[in-house]
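Protein chains in written order, with UniProt numbering: chain A, 1 to 296; chain B, 1 to 296.
Here a beta-carbon is modelled for each residue, glycine too, at the ideal position from N, C-alpha and C.
The next block holds one structure in the form of structure tokens; read it before the comments.
Number of protein chains: 2
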Amino acid sequence: MSAKVIDGKALSRTIREKLAGLVEKLKQQHQITPGLAVVLVGDDPASEIYVRNKARQTVEVGMQSFEHKLLPTVSQKELLDLIARLNADPAVHGILVQLPLPGHISDKQVIESIAPAKDVDGFHPENVGRVASGEGGIVPCTPMGSMMLIRDALGDIAGMNAVVVGRSNIVGKPMAQLLLAQNCTVTVAHSRTRDIPALARTADILVAAVGRPEMIKGDWVKPGACVIDVGINRVLNVGGEGYRVVGDVDYREVAEVAACVTPVPGGVGPMTIACLLANTYLATLAIHGISSDATF
Amino acid sequence: MSAKVIDGKALSRTIREKLAGLVEKLKQQHQITPGLAVVLVGDDPASEIYVRNKARQTVEVGMQSFEHKLLPTVSQKELLDLIARLNADPAVHGILVQLPLPGHISDKQVIESIAPAKDVDGFHPENVGRVASGEGGIVPCTPMGSMMLIRDALGDIAGMNAVVVGRSNIVGKPMAQLLLAQNCTVTVAHSRTRDIPALARTADILVAAVGRPEMIKGDWVKPGACVIDVGINRVLNVGGEGYRVVGDVDYREVAEVAACVTPVPGGVGPMTIACLLANTYLATLAIHGISSDATF
Chain A
1 MSAKVIDGKA LSRTIREKLA GLVEKLKQQH QITPGLAVVL VGDDPASEIY
51 VRNKARQTVE VGMQSFEHKL LPTVSQKELL DLIARLNADP AVHGILVQLP
101 LPGHISDKQV IESIAPAKDV DGFHPENVGR VASGEGGIVP CTPMGSMMLI
151 RDALGDIAGM NAVVVGRSNI VGKPMAQLLL AQNCTVTVAH SRTRDIPALA
201 RTADILVAAV GRPEMIKGDW VKPGACVIDV GINRVLNVGG EGYRVVGDVD
251 YREVAEVAAC VTPVPGGVGP MTIACLLANT YLATLAIHGI SSDATF
Chain B
1 MSAKVIDGKA LSRTIREKLA GLVEKLKQQH QITPGLAVVL VGDDPASEIY
51 VRNKARQTVE VGMQSFEHKL LPTVSQKELL DLIARLNADP AVHGILVQLP
101 LPGHISDKQV IESIAPAKDV DGFHPENVGR VASGEGGIVP CTPMGSMMLI
151 RDALGDIAGM NAVVVGRSNI VGKPMAQLLL AQNCTVTVAH SRTRDIPALA
201 RTADILVAAV GRPEMIKGDW VKPGACVIDV GINRVLNVGG EGYRVVGDVD
251 YREVAEVAAC VTPVPGGVGP MTIACLLANT YLATLAIHGI SSDATF
């Protein structure tokens, strides 16, 4: 084991502490309290835990948390009506609809109904476009958190070769845009890529976002590379009793080769909620036209 | 000289002929004539020639052409008022504002004032976002035309290595998205890339969009690669008399190595206006909710 472990828990705590101070200042100077509305449809236990964690951390940094739990049978019209009310509600600065939604509701239509200024997930086409063009916009939380970990570990990354394995709209593609904006040479690899191991070995920064348990092996990694594992996969324990959570990276193998690597859990995961809160704070500033030099 | 010359003039003619037939059918079946409004601010001679060419070709495929020439002293408000009228005008299905605009007008604000449904340049953040996500949207004309040339020359390109040199918002970035959508493994290189020649030599498809005359040399190209030259650079003739137009590719050298290459002029250039007309036709269908299986 030679790699430095990139501690997402610690960095996310630092960000939340910084946010708590900024929120306090905002309340004192402008009498504004950022508010985050989270909408959960149905009763998936994993989503419920995630939503509860979000609400707790929202309150901990001094923001208001609004939870809306809807029955799995809710109609799309009822959901869109709720979002219209949240769009118009001055106490709400961020709106997050927990995905996926039940089959009778269109994720796309729901996402596009959220006011871009309050779309703290960064999934609305207008935000996707602004981020792609490097012209502002709200950055999706997972790539934003991954980039913070990379910058924290490596500092200036201009000129480095970055390989992103996976091309999802919520992680792979925006991750590539962010790395490009930091002047990396960026390659996006995916299931149709001919020789992913050889390509991965060219990476100074390797981001795994495919959702395949422990796919990235030690000999896929260039010695000294920085490896960011976005995967969160539940796998059956040997013997068949219970589950454990693993990433897309074979951590044991890769930690022998890489210079630094994120663990799962405790790497990118905790950063995601911290970035959601940071986005809610930044959305609050933008909605009220308050300028700030706060960066995350 | 071994490379096949990719003939953009011929393909653009084929597309315009196809469009003329589709427009005729649209008139007969739906009594709708697609209309394209082009707005030109100032009196730059190159822009005037370009706008005149657009108008001529628009009329040739049976569409209506609306030209708006504004004085270089026009205020931003006057320009935005004009765009608001064009947004509301049912005879106008596509709006193109010739860029760049005079310094006292914000390109960004003007682009964002165009109704996304009529933004046939594909520069509005909403269209940029949809194209980035692979969820519809209007594709910018130059990368769209480049992709048509690639598909016409190579057919299915899934799994091929594509390298895009240049990362502009109007060519490099959307080009990368389109190649990714066609299942290429895509790398974006730029001025901060460490060893562009070595990277370029890994490309099955090499797209040059940097705006540097004849930068891509023969030994930057893998034998058998397909090379697309987006550059249009005016360079002084040897001896200093007059100008000639060259691409970003050293055509003479590259044609010895590549399997196919676009010339400049006569490659990507003619495709751009054809794609503008195709986008106007597609925008007309979308605005009127007419479904069609027409592809370009």
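How is Lys222(A) classed by DSSP in three states: helix, strand or coil? For the purposes of this step, residue 222(A) is taken as residue 222 along the first sequence, with counting starting at 1. Here Lys222(A) sits in coil by DSSP.
Check this for me: beta carbons of Val249(B) and Ile205(B), under 9 angstroms apart or not? Start at 1 with the first residue of the second sequence, and residue 249(B) comes out as number 249. Start at 1 with the first residue of the second sequence, and residue 205(B) comes out as number 205. Cβ distance not < 9 angstroms, so Val249(B) and Ile205(B) don't count as in contact.
Segments of 3+ residues assigned as beta strand (DSSP E) that fall wholly inside the region 164-234 of chain B: The region 164-234 of chain B contains these whole beta strand (DSSP E) runs: 185-189, 205-208, 226-229.
What are the residues that DSSP puts in a beta bridge with Ile95(A)? Numbered from 1 along the first sequence, position 95 holds the residue referred to as residue 95(A). For Ile95(A), the beta-bridge partners assigned by DSSP are Ala37(A).
9 angstroms Cβ cutoff met for Gly136(A) and Gly122(A): Sequence index remark: in the first sequence, residue 136(A) carries index 136 (1-based). Sequence index remark: in the first sequence, residue 122(A) carries index 122 (1-based). It is not a contact, given that the beta carbons lie outside the stated cut-off.
To the nearest angstrom, how far is it from the Cα of His104(B) to the Cα of Val261(B)? Sequence index remark: in the second sequence, residue 104(B) carries index 104 (1-based). Sequence index remark: in the second sequence, residue 261(B) carries index 261 (1-based). C-alpha of His104(B) to C-alpha of Val261(B): approximately 40 angstroms in a straight line.
First and last residue of the beta strand (DSSP E) that includes residue 318(B)? The structure shown does not extend to residue 318(B), since chain B is modelled only from 1 through 296, so no value can be given for it.
Is Ala278(B) near Ile114(B), with beta carbons less than 9 angstroms apart? Taking the second sequence and counting its residues from 1, one reaches residue 278(B) at position 278. Taking the second sequence and counting its residues from 1, one reaches residue 114(B) at position 114. Contact check for Ala278(B) against Ile114(B) fails: the beta carbons are separated by 9 angstroms or more.
Return the residue from the list Asn169(A), Ala132(A), Gly62(A) that minimises the CA-CA distance to Pro174(B). On the second sequence, position 174 is the one that residue 174(B) refers to. Nearest to Pro174(B) by C-alpha distance, out of Asn169(A), Ala132(A), Gly62(A), is Ala132(A).
Kindly list the residues whose CB is nearer than 8 angstroms to the CB of Val268(A), restricted to its own chain and excluding five residues on each side of it in sequence; keep chain order. Reading the first sequence from its first residue, position 268 is the one you call residue 268(A). Gly8, Thr142, Gly145, Ser146, Leu149, Ile228, Asp229, Val230, Thr262.
By the criterion of Cβ-Cβ separation under 8 angstroms, what are the contact partners of Val186(A) in chain B? What you label residue 186(A) is simply residue 186 of the first sequence in a count that begins at 1. Val186(A) reaches chain B at Thr187, Val188, counting residues in chain order whose Cβ is nearer than 8 angstroms.
At which residue ranges does the region 88-154 of chain B contain complete beta strand (DSSP E) runs of 3 or more residues, listed in the order of the chain? Considered as a whole, the region 88-154 of chain B harbours 94-97 as its complete beta strand (DSSP E) runs of no fewer than 3 residues, in chain order.
Which residues of the region 90-114 of chain B have a Cβ closer than 8 angstroms to any Cβ of chain A? Give them in chain order. From the region 90-114 of chain B, only Lys108 have a Cβ closer than 8 angstroms to chain A.
Please list the terminal residues of the continuous alpha helix (DSSP H) segment that includes Val23(A). Sequence index remark: in the first sequence, residue 23(A) carries index 23 (1-based). Note, Val23(A): alpha helix (DSSP H), 8-30.
Same chain only: Cβ atoms within 8 angstroms of Lys118(B), ignoring 5 sequence neighbours per side: Within the second sequence, numbered from 1, the residue matching residue 118(B) stands at position 118. When the five nearest sequence neighbours on each side are left out, the beta carbons in the same chain lying within less than 8 angstroms of the beta carbon of Lys118(B) are those of Leu86, Asn87, Val92, His93, Gly94, Ile95, Ala283, Ile287, in order along the chain.
Between the region 233-250 of chain A and the region 68-85 of chain A, do at least 3 Cβ pairs fall closer than 8 angstroms? Touching, no, given that fewer than three Cβ pairs across the two stretches are closer than 8 angstroms.
Determine, using beta carbons only, whether Ala153(B) and Lys4(B) come nearer to each other than 9 angstroms. Working through the second sequence from its first residue, we reach residue 153(B) at position 153. Working through the second sequence from its first residue, we reach residue 4(B) at position 4. A contact, by the Cβ cut-off of 9 angstroms.
Taking the beta carbon of Lys54(A) as the centre, do at least 16 other beta carbons fall within 10 Å, making it buried, or is it exposed? As a first step, residue 54(A) is located in the first sequence; it is residue number 54 there, counting from the start. Burial call: buried.
In DSSP terms, what Ala162(B) is bridged to: Residue mapping note: residue 162(B) aligns to position 162 of the second sequence, counting from 1. Ala162(B) pairs with Val186(B), Ile205(B).
Report the option in Leu285(A), Thr295(A), Gly289(A), Ala294(A) whose CA atom is closest to the CA atom of Pro34(A). Your numbering for residue 34(A) matches position 34 in the first sequence. Selected option, being the one with the closest Cα: Leu285(A).
What span of residues does the beta strand (DSSP E) with Val246(B) cover, start to end? For the purposes of this step, residue 246(B) is taken as residue 246 along the second sequence, with counting starting at 1. 243-246 is the span of the beta strand (DSSP E), which, as asked, contains Val246(B).
Rounded straight-line distance, which links the Cα of Val39(B) to that of Gln76(B): The residue given as residue 76(B) occupies position 76 in the second sequence. The residue given as residue 39(B) occupies position 39 in the second sequence. About 13 angstroms.
How is Val5(A) classed by DSSP in three states: helix, strand or coil? Counting from one through the first sequence, the residue named residue 5(A) turns up at place 5. In the three-state scheme derived from DSSP, where H, G and I count as helix and E and B as strand, Val5(A) is classed as strand.
Pairwise C-alpha distance: Gln31(A) and Val61(A): Along the first sequence, one-based indexing puts residue 61(A) at 61. Along the first sequence, one-based indexing puts residue 31(A) at 31. Rounded to whole angstroms, Val61(A) to Gln31(A) spans 16 angstroms at the Cα level.
Report yes or no: is there a C-beta of chain A within less than 9 angstroms of the C-beta of Arg56(B)? Residue 56(B) sits at position 56 when you count from the first residue of the second sequence. It does not; no Cβ of chain A falls within 9 angstroms.
Taking just the CA atoms, how far does Leu22(A) sit from Pro197(A)? Start at 1 with the first residue of the first sequence, and residue 197(A) comes out as number 197. Start at 1 with the first residue of the first sequence, and residue 22(A) comes out as number 22. Distance between Pro197(A) and Leu22(A), taken at the CA atoms: about 43 angstroms.
Who are the neighbours of Arg192(B) on chain A, taking C-beta pairs under 7 angstroms? As a first step, residue 192(B) must be located in the second sequence, where it is residue number 192. In chain order: Ala158, Gly159, Asn183.
For the alpha helix (DSSP H) that Ser292(B) lies in, which residues bound it at each end? Position 292 of the second sequence, counted from the first residue, corresponds to residue 292(B). For Ser292(B), there is no enclosing alpha helix (DSSP H), since its DSSP letter is neither H nor E.
Closer than 9 angstroms to chain A by CB, Ala283(B): Reading the second sequence from its first residue, position 283 is the one you call residue 283(B). Cβ-Cβ to chain A under 9 angstroms: no for Ala283(B).
Run through chain B and tell me which residues come within less than 8 angstroms of Ser133(A), C-beta to C-beta. As a first step, residue 133(A) is located in the first sequence; it is residue number 133 there, counting from the start. Those within 8 angstroms of Ser133(A) in chain B are Pro125, Val128, Asn169, Lys173.
From this set, Gly211(A), Ala200(A), Ala259(A), which residue's C-alpha is nearest Ile232(A)'s C-alpha? Indexing the first sequence from 1 puts residue 232(A) at position 232. Minimum Cα distance to Ile232(A) is reached at Gly211(A).
For Tyr281(B), count neighbouring C-beta atoms within 10 Å of its own C-beta (all shown protein chains included) and say buried if the count is 16 or more, exposed if not. By one-based count along the second sequence, residue 281(B) stands at place 281. By the C-beta density criterion, Tyr281(B) is buried, having at least 16 other C-beta atoms within 10 angstroms.
Closest Cα partner of Arg167(B) within the set Leu71(A), Cys184(A), Val171(A): Taking the first residue of the second sequence as 1, we reach residue 167(B) at position 167. When C-alpha distances from Arg167(B) are compared across Leu71(A), Cys184(A), Val171(A), the shortest belongs to Cys184(A).
Arg234(A) versus Trp220(A), Arg194(A), Arg244(A), Ser65(A), residue with shortest Cα-Cα distance: Here residue 234(A) corresponds to residue number 234 of the first sequence, with the count starting at 1. Restricting attention to Trp220(A), Arg194(A), Arg244(A), Ser65(A), the CA atom closest to the CA of Arg234(A) is found in Arg244(A).
Residues of the region 197-215 of chain B with Cβ closer than 8 angstroms to any Cβ of chain A, in chain order: Here the close residues are Leu199.
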